[in-house]
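The next block holds one structure in the form of structure tokens; read it before the comments.
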Amino acid sequence: MDTLATAAALPPNTLGLNALLFMGTAWACVLSLMLWSFSKLMATPENEKVPPAGSIP
Amino acid sequence: MADVAAPREQWGSRIGLILAMAGNAVGLGNFLRFPRQAVDNGGGTFMIPYFIAFLLVGIPLMWIEWGVGRYGGVRGQGSTPGMFDALWKNPVAKYLGVLGLFMPVIVLIYYCYIESWTLAWTFFSLTGQTQGLDQAGMAAFFKSYIDLENGTVHGFWVPFGFFFVTIAVNFWVVSKGLTAGIEKLAKIGMPILFVFAVILVIRVLTLDPVTVTHDGITTTQGPLDGLRFMYTPDWSALGSPKVWLAATGQIFFTLSVGMGSLQAYASYLTKKDDLVLSGIATAATNETAEVVLGGSLAIPAVVTFFGVAGAVAVAKGGSFDLGFISMPLVFNNLPGGPMVAAAAGVMWFGLLFFAGITSSVSMATPALAFVEENFGWTRKRTAWSLAAIALLLGILHIVYNTRGFLDEWDYWAGTFGLVILALVETVIFVWIFGPNNAWKELHEGAAMRIPAFYKPIITYVTPAFLLIMMIWWTVQDAIPTLMMEGVPEANVPVKWASRGLMLLILFFQIWLIKKAWAKKALKGGTA
Numbered sequence: 001m002d003t004l005a006t007a008a009a010l011p012p013n014t015l016g017l018n019a020l021l022f023m024g025t026a027w028a029c030v031l032s033l034m035l036w037s038f039s040k041l042m043a044t045p046e047n048e049k050v051p052p053a054g055s056i057p
Numbered sequence: 058m059a060d061v062a063a064p065r066e067q068w069g070s071r072i073g074l075i076l077a078m079a080g081n082a083v084g085l086g087n088f089l090r091f092p093r094q095a096v097d098n099g100g101g102t103f104m105i106p107y108f109i110a111f112l113l114v115g116i117p118l119m120w121i122e123w124g125v126g127r128y129g130g131v132r133g134q135g136s137t138p139g140m141f142d143a144l145w146k147n148p149v150a151k152y153l154g155v156l157g158l159f160m161p162v163i164v165l166i167y168y169c170y171i172e173s174w175t176l177a178w179t180f181f182s183l184t185g186q187t188q189g190l191d192q193a194g195m196a197a198f199f200k201s202y203i204d205l206e207n208g209t210v211h212g213f214w215v216p217f218g219f220f221f222v223t224i225a226v227n228f229w230v231v232s233k234g235l236t237a238g239i240e241k242l243a244k245i246g247m248p249i250l251f252v253f254a255v256i257l258v259i260r261v262l263t264l265d266p267v268t269v270t271h272d273g274i275t276t277t278q279g280p281l282d283g284l285r286f287m288y289t290p291d292w293s294a295l296g297s298p299k300v301w302l303a304a305t306g307q308i309f310f311t312l313s314v315g316m317g318s319l320q321a322y323a324s325y326l327t328k329k330d331d332l333v334l335s336g337i338a339t340a341a342t343n344e345t346a347e348v349v350l351g352g353s354l355a356i357p358a359v360v361t362f363f364g365v366a367g368a369v370a371v372a373k374g375g376s377f378d379l380g381f382i383s384m385p386l387v388f389n390n391l392p393g394g395p396m397v398a399a400a401a402g403v404m405w406f407g408l409l410f411f412a413g414i415t416s417s418v419s420m421a422t423p424a425l426a427f428v429e430e431n432f433g434w435t436r437k438r439t440a441w442s443l444a445a446i447a448l449l450l451g452i453l454h455i456v457y458n459t460r461g462f463l464d465e466w467d468y469w470a471g472t473f474g475l476v477i478l479a480l481v482e483t484v485i486f487v488w489i490f491g492p493n494n495a496w497k498e499l500h501e502g503a504a505m506r507i508p509a510f511y512k513p514i515i516t517y518v519t520p521a522f523l524l525i526m527m528i529w530w531t532v533q534d535a536i537p538t539l540m541m542e543g544v545p546e547a548n549v550p551v552k553w554a555s556r557g558l559m560l561l562i563l564f565f566q567i568w569l570i571k572k573a574w575a576k577k578a579l580k581g582g583t584a
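Going down the list, the protein sequences come from chains A and B.
In this text, residue positions in the first sequence follow the working numbering: the first is 1, and each later residue adds one.
In this text, residue positions in the second sequence follow the working numbering: the first is 58, and each later residue adds one.
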């Protein structure tokens with residue numbers, strides 16, 4: 001990783017586009033998965049069952 | 058063995074279960090190991106194999122372990138010997154299950170020792186003992202604690218005292234039972250952990266840039282430079298098998314799979330409980346703690362105050378140097394003086410302590426369940442007996458820490474053994490129990506369906522990943538570690554003693570399994 005060279009080319013305390021894209025995507029993935037799973041859990045009664053495997057819902 | 062067992066304790070609520078499961082997964086590695094792995098393995102590009110491994114290995118293993126655990130639990134089996142025996146009617150199955158008893162006990166003992174460091178540093182931060190120290194002073198402060206032969210700063214008994222308190226707190230919690238002990242701890246500890254982490258992340262990311270000189274080079278860096286250092290992609294890393302295995306290994310460790318503890322927790326679920334969505338929620342909570350919080354703390358803070366070159370030097374020193382030497386130095390440099398330094402130190406080490414204890418109590422659960430269910434001991438009696446064993450064996454870690462005693466346990470049980478158990482349980486659950494039976498078991502009480510493409514992933518891709526990882530680690534690390542390559546001559550006897558003790562514990566547990574099944578046979582079950 002050519003971080004030192006990259007650092008020299010940018011003003012101090014700058015994230016940079018590449019790093020921003022990777023960090024933003026990673027954050028978005030985990031946060032959206034967590035929010036989606038918890039919102040779905042909250043919307044599902046604790047003991048609700050799905051139809052048996054192979055059946056038509 | 059009878060298929061329907063006496064009613065077992067159950068989780069009090071779904072949120073309590075998820076917090077306990079997530080607490081099991083969120084550990085010291087989320088805050089100390091992950092950022093180092095990302096920096097060492099391609100920065101931003103590390104996240105590509107990391108997420109692929111999460112989807113192909115992490116999530117499937119999470120479901121498999123929940124499925125194995127619940128299947129055993131509804132048949133009165135809270136540990137892997139009984140779970141494997143229920144899934145595979147073969148006399149060998151229960152003995153393979155010893156891995157799920159052995160690993161958590163071994164890891165629990167040395168993990169509690171490391172956890173006791175976080176408790177000690179919370180106390181040292183509160184009392185200002187880490188303030189006013191420079192880098193050399195902070196390093197001496199840490200080394201003196203972990204190396205009794207170099208106990209120039211701390212009193213000889215200090216590490217023993219904090220270890221004793223840590224063991225007592227852990228086993229007090231587990232002795233209270235599932236809902237009154239473990240679930241309550243998760244409901245208190247996990248929110249505290251997240252609040253502390255969020256406060257620290259906000260503080261770190263709003264730091265002003267600092268001008269530092271490292272090796273004669275003066276640079277001005279801020280926290281965003283730290284994030285750039287961590288996330289700037291190195292595309293060449295994607296072609297390296299080492300990076301892919303490092304990412305898979307990180308997913309493995311961070312989700313606490315292959316340990317035996319997730320199965321033990323899942324054994325307290327009923328057939329009506331969902332495990333598909335709850336498994337995803339647990340994994341996602343852990344990933345948020347790791348990627349969003351863990352990735353935004355240590356590296357940005359260290360880069361701000363030591364520069365990128367300084368951070369590289371710190372990272373080479375290891376995760377513990379990062380957590381116990383560099384972070385207190387960062388806190389000492391925070392604007393606001395000693396009060397702010399103390400508060401930040403308490404929050405950092407406090408969150409590490411809660412991350413640790415919510416994991417260590419889960420490691421005690423399989424052994425507790427095994428003894429309670431097979432020998433009729435009470436929870437309290439089992440908990441305090443195991444506490445006494447952990448205390449006695451933990452003393453060896455304190456005394457011989459710098460001689461490699463702990464490293465042996467960490468490698469064979471805490472690293473290599475995890476892949477073996479994960480592979481064994483995947484083969485038993487998916488291949489021997491059968492993919493259709495496994496699929497059906499996972500969907501019992503499920504709040505959502507698992508996408509159909511996951512069936513071939515669970516059946517073929519996950520075991521293939523595990524097999525590759527095991528072969529790679531065997532060639533890369535296990536053989537050199539076994540042959541003690543590069544180990545100083547003076548440490549060789551200590552390492553052999555460490556291995557001998559591990560084997561003794563393993564054989565003792567195999568003997569206990571034999572005895573338990575003989576007892577069952579006498580009562581009219583099948584051995």
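Backbone N, C-alpha and C define an ideal beta-carbon position, used for all residues, glycine too.
As the structure is a computational prediction, the values presented were derived from the model and not from experiment.
> For V551(B), does the three-state DSSP call read helix, strand or coil?
Replying inline: DSSP places V551(B) in helix when its eight states are reduced to three.
> Can you find a C-beta in chain A that's less than 8 Å from the C-beta of L112(B)?
Replying inline: Chain A contact via Cβ: absent.
> Taking contact to mean at least 3 C-beta pairs separated by less than 8 Å, is the stretch 149-163 of chain B in contact with the stretch 343-350 of chain B?
Replying inline: Not touching, per the Cβ criterion.
> For I507(B), does the count of other Cβ atoms within 10 angstroms reach 16, so buried, or fall short, so exposed?
Replying inline: buried
> Should I452(B) and I163(B) be called a contact, given that it needs their Cβ atoms to be closer than 8 Å?
Replying inline: no
> Since L478(B) contacts L156(B) with CB under 8 Å, what's their CB separation in whole angstroms?
Replying inline: 4 Å
>> In the DSSP output, what is V403(B) paired with across the bridge?
In response: The partner list for V403(B) (beta bridge, DSSP) is empty, contrary to what the question assumes.
> Across which residues does DSSP place G100(B) in a beta bridge pair?
Replying inline: Beta-bridge pairing links G100(B) to P290(B).
>> Check whether chain B comes within 8 Å of A28(A), counting only Cβ atoms and requiring the distance to be less than that.
In response: Answer no: the Cβ-Cβ gap between A28(A) and chain B never drops below 8 Å.
>> Please report the straight-line C-alpha distance between V333(B) and V125(B), rounded to a whole angstrom.
In response: Cα to Cα, the separation comes out at about 13 Å.
> Does V348(B) get closer than 8 Å to chain A when you measure Cβ to Cβ?
Replying inline: yes
> When you check each C-beta in the stretch 348-365 of chain B against every C-beta of chain A, which residues fall closer than 7 Å?
Replying inline: V348, V349 and V365
>> Using a Cβ-Cβ cutoff of less than 6 Å, which residues in the same chain neighbour N431(B) once the five nearest sequence positions on both sides are dropped?
In response: A573
> Roughly how many angstroms lie between the CA atoms of W145(B) and F310(B), to the nearest whole one?
Replying inline: 27 Å
>> Quick check: the stretch 316-335 of chain B against the stretch 489-508 of chain B, are at least 3 beta-carbon pairs closer than 8 Å?
In response: yes
> Exposed or buried, Q192(B), counting other C-beta atoms within 10 Å across all chains shown (16 or more means buried)?
Replying inline: When all chains shown are included, Q192(B) counts as exposed.
>> Please state the DSSP three-state secondary structure of H500(B).
In response: helix
> Exposed or buried, which one is W214(B) when buried takes at least 16 other CB atoms within 10 Å?
Replying inline: exposed
>> Please tell me whether Q307(B) and F91(B) are closer than 8 Å, where the distance is taken between their beta carbons.
In response: yes
> With respect to the alpha helix (DSSP H) encompassing Q192(B), which residues constitute its N-terminal and C-terminal limits?
Replying inline: Q192 to I203
> Among F38(A), T25(A), T14(A) and A19(A), which one has its Cα closest to the Cα of D291(B)?
Replying inline: A19(A)
> Can you check whether the CB of L41(A) is closer than 8 Å to the CB of R556(B)?
Replying inline: no
> Mapping DSSP to helix, strand and coil, what is V210(B)?
Replying inline: coil
> Taking Cβ-Cβ distances below 8 Å as the criterion, which residues of the stretch 504-528 of chain B are in contact with chain A?
Replying inline: A504, M505 and R506
> Between which two residues does the alpha helix (DSSP H) harbouring V333(B) extend?
Replying inline: Taken as a continuous stretch (DSSP letters only), the alpha helix (DSSP H) holding V333(B) covers V333 to E344.
> Taking the C-alpha atoms as reference points, what is the distance between M527(B) and L264(B)?
Replying inline: 43 Å
> In or out: N227(B) buried (at least 16 other Cβ within 10 Å) or exposed?
Replying inline: N227(B) is classed as buried because its beta carbon has at least 16 other beta carbons within 10 Å across all chains shown.
>> Comparing C-alpha positions only, which one of I514(B), Y168(B), A338(B) and W434(B) sits nearest to I455(B)?
In response: Y168(B)
>> Cβ closer than 7 Å: which chain A residues qualify as neighbours of A304(B)?
In response: Chain order gives no chain A residues near A304(B), where near means a beta carbon separation below 7 Å; the closest approach is about 12 Å.
> Comparing alpha-carbon positions, which option in G273(B), G80(B) and V428(B) lies nearest K576(B)?
Replying inline: V428(B)
> What in chain A is Cβ-close to I337(B), meaning under 8 Å?
Replying inline: L33 and S37
>> Our contact map puts R460(B) next to N548(B) with C-beta atoms below 8 Å; I'd like the distance itself, whole angstroms only.
In response: 5 Å
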